[in-house]
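Listed in order, the protein sequences are those of chains W, Z, P, A, F and H.
Take the first sequence: its position 204, counting from 1, is numbered 204 in our numbering, and each next residue is one higher.
For our numbering, add 233 to where a residue sits in the second sequence, where the first one is 1.
For our numbering, add 466 to where a residue sits in the third sequence, where the first one is 1.
For our numbering, add 699 to where a residue sits in the fourth sequence, where the first one is 1.
For our numbering, add 932 to where a residue sits in the fifth sequence, where the first one is 1.
For our numbering, add 1165 to where a residue sits in the sixth sequence, where the first one is 1.
Glycine included, each C-beta is placed from N, C-alpha and C at the ideal position.
On a predicted model such as this, the values are computed, not experimentally measured, just so you know.
Number of protein chains: 6
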Amino acid sequence: MAPHYVVRSVDRAGPQTIAALREAGVATAHEAAGRTGLLGPAVRARQSGAAIAGSAITVSCHPGDNLMIHAAVEVCSPGDVLVVTTTSPSTDGMFGDLLATSLMARGVAGLVIDAGIRDLATLREMGFPVWSRAVHAQGTVKASPGSVNVPVVAAGQIVRPGDIVVADDDGVLALPVAVGATVADAAAKRLDSESAKRAKLAAGTLGVDLYNLRPLLAELGVQYVDRLPDGML
Amino acid sequence: MAPHYVVRSVDRAGPQTIAALREAGVATAHEAAGRTGLLGPAVRARQSGAAIAGSAITVSCHPGDNLMIHAAVEVCSPGDVLVVTTTSPSTDGMFGDLLATSLMARGVAGLVIDAGIRDLATLREMGFPVWSRAVHAQGTVKASPGSVNVPVVAAGQIVRPGDIVVADDDGVLALPVAVGATVADAAAKRLDSESAKRAKLAAGTLGVDLYNLRPLLAELGVQYVDRLPDGML
Amino acid sequence: MAPHYVVRSVDRAGPQTIAALREAGVATAHEAAGRTGLLGPAVRARQSGAAIAGSAITVSCHPGDNLMIHAAVEVCSPGDVLVVTTTSPSTDGMFGDLLATSLMARGVAGLVIDAGIRDLATLREMGFPVWSRAVHAQGTVKASPGSVNVPVVAAGQIVRPGDIVVADDDGVLALPVAVGATVADAAAKRLDSESAKRAKLAAGTLGVDLYNLRPLLAELGVQYVDRLPDGML
Amino acid sequence: MAPHYVVRSVDRAGPQTIAALREAGVATAHEAAGRTGLLGPAVRARQSGAAIAGSAITVSCHPGDNLMIHAAVEVCSPGDVLVVTTTSPSTDGMFGDLLATSLMARGVAGLVIDAGIRDLATLREMGFPVWSRAVHAQGTVKASPGSVNVPVVAAGQIVRPGDIVVADDDGVLALPVAVGATVADAAAKRLDSESAKRAKLAAGTLGVDLYNLRPLLAELGVQYVDRLPDGML
Amino acid sequence: MAPHYVVRSVDRAGPQTIAALREAGVATAHEAAGRTGLLGPAVRARQSGAAIAGSAITVSCHPGDNLMIHAAVEVCSPGDVLVVTTTSPSTDGMFGDLLATSLMARGVAGLVIDAGIRDLATLREMGFPVWSRAVHAQGTVKASPGSVNVPVVAAGQIVRPGDIVVADDDGVLALPVAVGATVADAAAKRLDSESAKRAKLAAGTLGVDLYNLRPLLAELGVQYVDRLPDGML
Amino acid sequence: MAPHYVVRSVDRAGPQTIAALREAGVATAHEAAGRTGLLGPAVRARQSGAAIAGSAITVSCHPGDNLMIHAAVEVCSPGDVLVVTTTSPSTDGMFGDLLATSLMARGVAGLVIDAGIRDLATLREMGFPVWSRAVHAQGTVKASPGSVNVPVVAAGQIVRPGDIVVADDDGVLALPVAVGATVADAAAKRLDSESAKRAKLAAGTLGVDLYNLRPLLAELGVQYVDRLPDGML
């Protein structure tokens, strides 16, 4: 019952798609994807300014046990992003500087983990970016089986092996390979469109005019008044 | 039922009062105000070292809908602070760099939002300070009505339009205009008094002596002993 | 009933032990101590890069009342770490720059507090490191008795007076004096061992080989496959 | 600074309005009020099946201090609802069976408290309904001033003295007296309308037809398919 | 981008498998499934003693918008379980007695929702069982598109359309149809085995003997002593 | 390093003391103990109306591993209370009906666990009372060592082997044997005193008069007014 696998092969998106989504960033790529794919805010950046994208190598661990992270390393290719989850909620520090050293040696771009990490100061010095639910030094064991490259859930979001993972100061996004190129194109268009909008807004144009929101506000019954009517809280 | 308003006029405190309270900072102004007006700690600074004060422009939004933030922009004057709330709890990213561009064009001092923000790296580069409950890229819609410049509750604290909002690394404070000048005076006195105390404490004077706490400790039955008596936990 | 004490004498570990544990850091010392002594992740560093170790001066306060912190100052010796708890959960800002000034004047190394702190910007400027549950300016009173140098619980961990407290970006650890030297030796050995491992991992050796995990993975029934079998989630 | 008041007079809604809103219940009255006035879900019923409505007597306490609850008792009239808040977050058990005995002697309908309660088993036996943030026996003191019948914030919602408070298994609602009669009428109409709808739905009519939602679904681009297209997650 | 679907067809498990898993209950079925499929504890029973199993009809909604629940009703067959999620975290009360009436009219067995519900007292009277993240009367709109019968994540667990959902006082479990019969068999064996064990344990046999744990305890270095050695905390 | 023990001998309080504290209940015994010994509110009753007291058998487990609970059973005597903790935070369901059967066979009074339990419906039918942090069916392993009858921390409170544990609908209290008789006496006196007070309060005497609080309110500057002065929020 419940067999455990390390799956070696992963279908990855092309490098241009991945680069375009890294360039777009989490917020823009999420919008370009129709507001899908976002992990919850509890998994967040543990450094400032890092921005990565890569193919997901997914890991499902027993809580408090990092055995399967070790098993996942040799499946990683340069530019991949390791995505680690546990089978029940945990903040234990499953990942530290030794594992980061090993991943950097393989060219892994960064770590997304729905659990805890440790050696934070060293990780920052090494320049290995992490997104985690907690920083907690609590030690873990290597005793229970799990799987590598099966679909997992991280911070409420399904992540499949090979998904394009985008991560920056805004959080983490996971997109299926199949929609990658389309989303990357849409994201590039959004970046252009946002530049134009930014220039107009910086020059003083109001969003209610730029987005033509005044008719909607009127239709919704929003009234403009100089003073709040008496009796209104 | 439940009409929605954009109220254009707000009674603001004078610039000297506002400047004095920004100078005092959240902790000192809060003490000077008789320990009132503080927002809960869940809404916190998303950058380091920013310290602002200004008049509150309040916004009440449907969760996951930032329409009313757009409606609020034209009501802002230079130096104001936008205070955004939702009608039920939400961490969606209702505010990003485009809205910040628009607010900076109007001279708005910063944002306090009891919900999520996104584009954090860009906001930091722009130097637009934000205090928020979450960083979350989750996209929002523009579909539901709300109000601008009605009393709102942010992080458990009532904020009225025009309230003097002080925000720094310690959090956010909201004070009625009516008490502003008095609190500013009291805060200035506290700053002076704290400087004197700081010098004495730095020189080695103990707080129990400086504040004359030894009689109180004795009255409360606190015993000084060299060793904990046996049987005491 | 329930007498309150300020206990003046504390048995401290030797300075070499303390220095060795500071050098090892929280994560390594915690492992060297058999994965014991760690505080929960809710009490965390409020600055980046600080790393301290020292003897615990413990304080038990009524929530929202910092009287006993003042009483604790004169019991502190240079290099000590103040560990503050409340008798029920609280995020009130019980500690600020004046108390920090007083503690720095006595050479105290830092503060660990299972409650809130304030004046964060000033504390960072002063270089006084703090680990806290919250940043909250909420003011406190000086009205209720408590104790200094009795066993306390901070973030779910027992801390006894004199315990060696280690704190850095990974969190906070508290170890009994009796095990200090042994743990310090074990930690030093781990540091050596980790250096050797780090070199091998950096050179591309896999953890599954370095730690000989392949037999364990096989024994646990983990299967290596190229593709996930059909019908598996 | 920050004077403390016990305000004796409160403007209350009429008994028919209050009775009508109790009959409507929290969910229906909240809808009838344009989806306003609801407290957050963290303050919840500590018994099953109780349903009350009454005029708010508001209390603002120092956390861990129930002095002002005692001060509030003599201001209560039969049918009132006591609404207790603290000036910073607390789960301490500020209210137990003795205070409940005192309130029942005055005919108070129930308690809403954004903090902890204790003596839960006895409160249930007495039939005195409570809505609280926590059940926690943690004892409190009587040492700090506060106010009775000033506007407060409970679970993120402004509650003013005299507000009509409705509470049942769904939570707690607070409505201004000024809108009470209008909301009560609207709620009564909703109850009628819901009865009619309930009969139709029970008979098998679909909500998409009853509320005419099919055109909206089409307009929003929702497609009906027999099988999810390939490549769609 | 991001098309929205209502998928009409769902592959369901057979009624005997479903009945067997309902009989086994969440805890036993979860063990029989190799400790997979469990939703997190935040989604919990809102009544006492209900125990259901059925095929999942999944719904993905915009937070604060219950339009797609209405769209899902006609896709439900007798015995199904509705599983509702939102695209970002929400506790709004998206489901009440009218929707429950509609679902009962179609023979739906119950509701699992990673958000809020309301009309709790009525739902209990109706005997319609619900498992939810919150009880909150907060009203919702019908304005944004979503999908029915696509894979969703509820309380950290992937739920696919047609998954066998088991729910009782212990929480909620979701299992793929493909493993249903095998898990049901394994669960039935566990029930038998547990009955035998229960009888032995009730008769005084110790678990350390029944499960032969003494050798493991010895191997792990656990020492049996009459008194804790001195110096051990 | 970090040896693991099962300690067989525990010093227990006398049966009369234990019975008196059960009679007093958590809230009264906590007050009688000078407001000490209370566990945090996160560990709470999973049934209604149960009230127990007994000697603590403490268990320290690896998270997600219930091996040491099995090891603890044979150390229990009739009337004892099992107190289970984990070395890092966990909600896994470490305890179910089989372990309860085993404990009932030994006459154990109940379970206090700072983690999860499962088989809740059966536990209620069996009449075995539990206080837990969570209800979660998540399965656990039997693989890691821990200790029985060493001091532990449960919900922020130190619990020592043999401590008198009192648990009811208000939560859980742990008191050292050494203070048991004194606290039991004080609790009995409080029960008498509370009966007298209850009678007076039921007859309409106000708490402000019964406890003579009017002078304190005046001293603290609380003003009685008919209407809130203008300008006061």
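Distance from the Cα of S831 (chain A) is smallest, within the candidate group H:L1263, H:V1315, H:D1335, H:S1309, for H:D1335. For A1110 (chain F), the three-state secondary structure derived from DSSP is helix.
Look at the beta carbons and you see the segment 183-194 of chain W not touching the segment 42-56 of chain W: under three pairs across the two are nearer than 8 angstroms. Counting only Cβ-Cβ distances below 7 angstroms, S894 (chain A) has no contacts in chain H at all, with the closest Cβ about 33 angstroms away. CA-CA distance, T502 (chain P) to A644 (chain P), rounds to 14 angstroms. The Cβ atoms of D634 (chain P) and V492 (chain P) lie closer than 8 angstroms to each other. Burial check for R1159 (chain F): the Cβ neighbour count within 10 Å stays below 16, so the residue is exposed. Along the segment 118-132 of chain W, the positions whose C-beta sits under 7 angstroms from a C-beta of chain P are R118, D119, L120, A121, read in chain order. Closer than 7 angstroms at the C-beta level to chain W, one finds no residue of the segment 1259-1271 of chain H. The beta carbon of T140 (chain W) sits closer than 8 angstroms to those of G64, D65, N66, D92, G93, M94, all from its chain and outside the five residues before and after it, given in chain order. A contact between stretches requires three or more CB pairs, one per stretch, nearer than 8 angstroms, and the segment 1172-1184 of chain H fails this requirement with the segment 804-823 of chain A.
By alpha-carbon distance to S754 (chain A), the top candidate from A:Q922, A:I816, A:G879 is A:G879. The Cβ atoms of I251 (chain Z) and N382 (chain Z) lie no closer than 8 angstroms to each other. If you draw a 10 Å sphere on the C-beta of P714 (chain A), you find fewer than 16 other C-beta atoms in it, and that means exposed.
The beta carbon of G454 (chain Z) does not come within 8 angstroms of any beta carbon belonging to chain A, so the residue lies off that interface. At a cut-off of 8 angstroms between beta carbons, G395 (chain Z) makes no contact with chain A.
Taking the Cα of Q223 (chain W) as reference, the smallest distance to any Cα among Z:P378, Z:A367, Z:V368 is reached at Z:P378. For the pair E893 (chain A) and L1030 (chain F), the CB atoms are nearer than the 8 angstroms cut-off. Beta-bridge partners assigned by DSSP to Y238 (chain Z): W:Q223. Interface flag for G530 (chain P) against chain A is set, since a Cβ pair is found closer than 8 angstroms. In this chain, D813 (chain A) is not harboured by any alpha helix (DSSP H); it is covered by the beta strand (DSSP E) spanning 809-816. Residues of the segment 725-749 of chain A whose Cβ lies closer than 7 angstroms to any Cβ of chain F, in chain order: V725, A726, H729, E730, R734, L737, P740, R743, G748. Assignment of L927 (chain A) by DSSP, reduced to helix, strand and coil, places it in the coil class.
Put simply, of P:L672, P:L639, P:L682 the residue whose alpha carbon is nearest the alpha carbon of L487 (chain P) is P:L639.
Here M301 (chain Z) carries a helix assignment [DSSP, helix/strand/coil]. Within chain A, H761, A842, S843 have C-beta atoms less than 9 angstroms from the C-beta of V607 (chain P), given in sequence order.
Within the same chain, Cβ atoms closer than 7 angstroms to the Cβ of V618 (chain P) are found at T524, S526, V549, T551, V625, the five residues on either side in sequence being excluded. Note that the C-beta distance between V631 (chain P) and V539 (chain P) is not below 8 angstroms.
The beta carbon of D1024 (chain F) falls within 8 angstroms of a beta carbon belonging to chain Z, placing the residue at that interface. For G326 (chain Z), the enclosing beta strand (DSSP E) stretches over residues 326-328.
S380 (chain Z) places its beta carbon 8 angstroms or farther from that of A348 (chain Z). For the pair V208 (chain W) and H303 (chain Z), the CB atoms are nearer than the 8 angstroms cut-off. Contact annotation, R1122 (chain F) with A945 (chain F): C-beta distance approximately 19 angstroms; criterion of less than 8 angstroms not satisfied. If you ignore the 5 residues before and after S321 (chain Z), its C-beta comes within less than 8 angstroms of the C-beta of P296, all in its own chain and listed in chain order. P595 (chain P) counts as buried, since at least 16 other C-beta atoms from the protein chains shown sit within 10 angstroms of its C-beta.
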